[in-house]
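Colleague:
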Amino acid sequence: MTTTSSTSSSSSPLITSLGVGSGLDLSTLLTQLTTAAQTPLTQIKNQETAYQTKLSAYGQLQSMLTAFQTTAQQLSKPSFFNSTTATSSNAGTVGATSSTSAVAGSYAVNVTQLAQSQSLVSTGQASQTASTMTGTIHINLGTISDPNNTLSNGVYGNGTTFAAKSGSSGVDITIDSSNNTLQGIAGAINKANAGVTASIINDGSGTPYRLVLTSNATGANSSMQITTSNESGSGASLSSLLGYDPTGGSAQNMQQVVAGQNAKMTVNNIAIQSASNSVTDAIQGVTLSLSQTGASTVAVKQDTKTIETGVQSFVTAYNNLQSTITSLSAYDASTKTAQPLTGDSTLQVLQQQLRSVLNAAQSGSGSGANAIKTLAQAGVTFQKDGTLSFDSTTLDSALSSNPNGVAALFANTNGVSGYGNQINSLVTSMTGTNGALTAATNGINQTLTSLSSQYTALQGTINAQIQNYQTEFSHLDVLMSQMQNTSSYLTQQFNAMTKSSSTSG
14 MTTTSSTSSS
24 SSPLITSLGV
34 GSGLDLSTLL
44 TQLTTAAQTP
54 LTQIKNQETA
64 YQTKLSAYGQ
74 LQSMLTAFQT
84 TAQQLSKPSF
94 FNSTTATSSN
104 AGTVGATSST
114 SAVAGSYAVN
124 VTQLAQSQSL
134 VSTGQASQTA
144 STMTGTIHIN
154 LGTISDPNNT
164 LSNGVYGNGT
174 TFAAKSGSSG
184 VDITIDSSNN
194 TLQGIAGAIN
204 KANAGVTASI
214 INDGSGTPYR
224 LVLTSNATGA
234 NSSMQITTSN
244 ESGSGASLSS
254 LLGYDPTGGS
264 AQNMQQVVAG
274 QNAKMTVNNI
284 AIQSASNSVT
294 DAIQGVTLSL
304 SQTGASTVAV
314 KQDTKTIETG
324 VQSFVTAYNN
334 LQSTITSLSA
344 YDASTKTAQP
354 LTGDSTLQVL
364 QQQLRSVLNA
374 AQSGSGSGAN
384 AIKTLAQAGV
394 TFQKDGTLSF
404 DSTTLDSALS
414 SNPNGVAALF
424 ANTNGVSGYG
434 NQINSLVTSM
444 TGTNGALTAA
454 TNGINQTLTS
464 LSSQYTALQG
474 TINAQIQNYQ
484 TEFSHLDVLM
494 SQMQNTSSYL
504 TQQFNAMTKS
514 SSTSG
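The numbers in the sequence shown follow our numbering, run straight up by one, and end at 518.
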């Protein structure tokens, strides 16, 4: 009897790819099972996308609301409606600018003297680098009074007095071996913050270098008194170079080349003096810039252009808001396509409240036909599409007839009445910590956080399930492969037995 070799049925075949051992398309089946299991994940992702889109829409809405609120805040300030313009009939002589405290009117200004800074000059020196004596320079600023008109060639005579500025004791400047030249002295004075600027000029003579001191401020009360002390050394004395005490002629070794003086003018024939050529207290709320002597008429008027621009900005911001609302809440019936905020209750409440505020009459200012209580009286009206239009001519007429009424329409010092105050308060209430828009936004963020957690948890469950499928399919492959090997072995044995029986017979 012939024996046939066989493969042991106890060995396990190596399975490198699903379905190889069994002959079944297990790989495709696993893919289909994976796709089916991940369907809930896709649904969560779609929900997240929808909520993110809505969150973005709320962000756009809040941005437009904030822009509208900004224009309302401007109009909520009573001072905004006090804006004025000041014009000068002779700007080359007198320039004029106004503030909100200016009072409308016409002012005749006649400038007879400009303010100027005092300047002193020393005697000429042969060198600007030669050493002088050391010591202390004391510079004080104040007012020189010359009741006897003794000033001659830049020097004051007897009877002249000097009164230091109130609260000022002057500045001491030390001159030592490190700075006891004309250049060094000029540098030391400039570093001392004494209210004086020092410079050196060259007049072209045999002793050309002359020290020039100029008061930093204009006006009679910024004139100089210069004394020296503690002098030592063999060079030129500090007092001979810099001494300038207008109360004693012998102590005036510097020469006054420009007297410190106030600006003088009349405003509506009232005499006024100013230490500066920028005069802020001659006309209430108006700054006069004096350039030369002469007459001018300064006219102060209400600045209607600024007010017009403010109201126009208010209208434009509202229309931009409405355009955004429309685009975010539109619905296309033909394609059955909705936008992120279509039918959104928060948006609907906001629209209703905005229209309620803008349609409500204010208490107004004035009486009878002159009273201004509605936006239409200021040139702002609603259009059929829900936007606002603005007529500047109507506003100008209202400002001309009742400027206080226009101001009260938008603003009030109580911070409550007026369209500007009310819109500002409404937007704050919607977008504040406890506002409806904030609550809606927070709700979406919470939902997104929840969806993210759900996605992560479900993804873990699905991964485990798919891994289990893959393991079971691998076991099936191995089992089927073993069964096939066993079948082959048995077939071989049966064939061998049959052949042996046939031969022996």
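Every residue, glycine too, gets a C-beta built ideally from N, C-alpha and C.
(1) For A230, write down the residues that DSSP places opposite it in a beta bridge.
(2) Along the chain, where does the beta strand (DSSP E) that runs through F403 open and close?
(3) Beta-carbon separation of S212 and A201 under 8 Å?
(4) Can you tell me whether G418 is buried or exposed? The criterion is at least 16 other CB atoms within 10 Å of its CB, across all chains shown.
(5) For the stretch 258-277 against the stretch 221-232, do three or more pairs of beta-carbon atoms, one drawn from each stretch, fall closer than 8 Å, so that the two count as touching?
(6) Could you compute how far the alpha carbon of T504 sits from the alpha carbon of L492?
(7) Leaving aside the five residues before and after Q265 along the sequence, list all residues of the same chain whose C-beta is less than 6 Å from its C-beta, in chain order.
(8) Sorted by chain position, which residues of the same chain lie with C-beta nearer than 7 Å to V2's C-beta, five sequence neighbours on each side aside?
(9) So what's Q459 in DSSP terms, helix, strand or just coil?
(10) Our contact map puts A109 next to T100 with C-beta atoms below 8 Å; I'd like the distance itself, whole angstroms only.
(11) Below 8 Å between beta carbons: does that hold for E61 and L461?
(12) Does the beta-carbon distance from I188 to G148 come in below 8 Å?
(13) Would the stretch 438-450 count as touching the stretch 53-67 if we require 3 or more Cβ pairs under 8 Å?
(14) Could you please give me the residues that DSSP links to A109 through a beta bridge?
(15) Report the rounded CA-to-CA distance for T84 versus S102, giving the unit in angstroms.
(16) By the three-class DSSP mapping on this structure, what secondary structure does Q45 have?
(17) Chain D beta carbons: is any one of them nearer than 8 Å to that of Q60?
(18) Check each candidate in F507, G356 and G183 and name the one with the smallest Cα separation from S235.
(19) What are the complete alpha helix (DSSP H) segments, minimum 4 residues, inside the stretch 51-125?
(20) Which runs of the alpha helix (DSSP H), 4 residues or longer, sit entirely within the stretch 243-323?
(21) Quick check on P259: buried or exposed, where buried means 16 or more other Cβ atoms within 10 Å of its Cβ?
(22) With the cut-off set at 8 Å, would you say S287 and A128 are in Cβ contact?
(23) Whether or not the stretch 134-141 and the stretch 236-247 are in contact is what I'm after, with contact meaning three or more pairs of Cβ atoms, one per stretch, closer than 8 Å; do they touch?
(24) On the criterion of 16 or more Cβ atoms from any shown chain inside 10 Å, does T359 qualify as buried, or is it exposed?
(25) Short of 7 Å in beta carbon distance, which residues of its chain neighbour T174, apart from the five on each side in sequence? Order them along the chain.
(26) For L195, is the classification buried or exposed, using 16 other Cβ atoms within 10 angstroms of its Cβ as the cut-off for buried?
(27) Looking at F93: is its Cβ nearer than 8 Å to the Cβ of G323?
(28) Spatial neighbours of L439 within its chain, please: CB distance less than 8 Å, with the 5 preceding and 5 following residues excluded, ordered by chain position.
(29) Check whether the Cβ atoms of T300 and S291 lie closer than 8 Å to each other.
(30) If we count the other Cβ atoms within 10 Å of its Cβ and call it buried at 16 or more, is G180 buried or exposed?
Modeller: Quick look at the numbers:
(1) Stepping through the sequence shown from its first residue, residue 230 is reached at position 217. DSSP, once it has assigned bridges, lists no residue as partnering A230.
(2) The sequence position of residue 403 within the sequence shown is 390, counting from 1. It spans L401 to F403 - the beta strand (DSSP E) in which F403 sits, taken as one unbroken run.
(3) The residue you call residue 212 lines up with position 199 of the sequence shown. The residue you call residue 201 lines up with position 188 of the sequence shown. Contact flag unset, no.
(4) Locating residue 418 in the sequence shown gives position 405, where the first residue counts as 1. With 16 or more Cβ atoms within 10 Å of its Cβ, G418 is classed as buried.
(5) yes
(6) Looking up residue 504 in the sequence shown gives position 491. Looking up residue 492 in the sequence shown gives position 479. Approximately 18 Å between the Cα atoms of the pair.
(7) As a working mapping, residue 265 is identified with position 252 in the sequence shown. Excluding residues within five positions, the ones whose Cβ falls inside 6 Å are V168 and Y257.
(8) Residue 2 lies beyond the stretch modelled for the chain, which goes from 14 to 518, so this question has no answer here.
(9) In the sequence shown, counting from the first residue as 1, residue 459 sits at position 446. It is helical.
(10) The residue you call residue 109 lines up with position 96 of the sequence shown. The residue you call residue 100 lines up with position 87 of the sequence shown. That pair is a contact at about 7 Å.
(11) For the purposes of this step, residue 61 is taken as the residue at position 48 of the sequence shown. For the purposes of this step, residue 461 is taken as the residue at position 448 of the sequence shown. Yes.
(12) Locating residue 188 in the sequence shown gives position 175, counting from the first residue. Locating residue 148 in the sequence shown gives position 135, counting from the first residue. Yes.
(13) no
(14) Within the sequence shown, residue 109 is the residue found at index 96, counting from 1. DSSP lists L301 as partners of A109.
(15) Mapped onto the sequence shown, residue 84 falls at position 71. Mapped onto the sequence shown, residue 102 falls at position 89. Distance between the alpha carbons of T84 and S102 is about 34 Å.
(16) Along the sequence shown, one-based indexing puts residue 45 at 32. Correct three-state label for Q45: helix.
(17) No chain D appears in the structure shown, which is made up of a single protein chain.
(18) Along the sequence shown, one-based indexing puts residue 235 at 222. Out of F507, G356 and G183, G183 has the C-alpha closest to the C-alpha of S235.
(19) 52-88
(20) 251-255
(21) Here residue 259 refers to the residue found at position 246 of the sequence shown. Looking at its Cβ environment, which holds 16 or more other Cβ atoms inside 10 Å, P259 is buried.
(22) Within the sequence shown, numbered from 1, the residue matching residue 287 stands at position 274. Within the sequence shown, numbered from 1, the residue matching residue 128 stands at position 115. Contact: yes.
(23) no
(24) Translated into positions along the sequence shown, residue 359 becomes position 346. Counting Cβ neighbours within 10 Å, T359 comes out buried, since at least 16 surround it.
(25) For the purposes of this step, residue 174 is identified with residue 161 of the sequence shown, where counting begins at 1. Only S158 and T260 meet the Cβ criterion.
(26) In the sequence shown, residue 195 corresponds to position 182, counting from 1. So L195 ends up on the buried side.
(27) Here residue 93 refers to the residue found at position 80 when the sequence shown is read from its first residue. Here residue 323 refers to the residue found at position 310 when the sequence shown is read from its first residue. Going by C-beta atoms, F93 is nearer than 8 Å to G323.
(28) The residue labelled residue 439 in the question sits at position 426 within the sequence shown. Excluding positions up to five away in sequence, the list reads Q366, L367 and V370.
(29) Within the sequence shown, residue 300 is the residue found at index 287, counting from 1. Within the sequence shown, residue 291 is the residue found at index 278, counting from 1. Taking 8 Å as the Cβ cut-off, T300 and S291 qualify as a contacting pair.
(30) For the purposes of this step, residue 180 is taken as residue 167 along the sequence shown, with counting starting at 1. The residue in question, G180, is exposed, as its Cβ has fewer than 16 Cβ neighbours within 10 Å.
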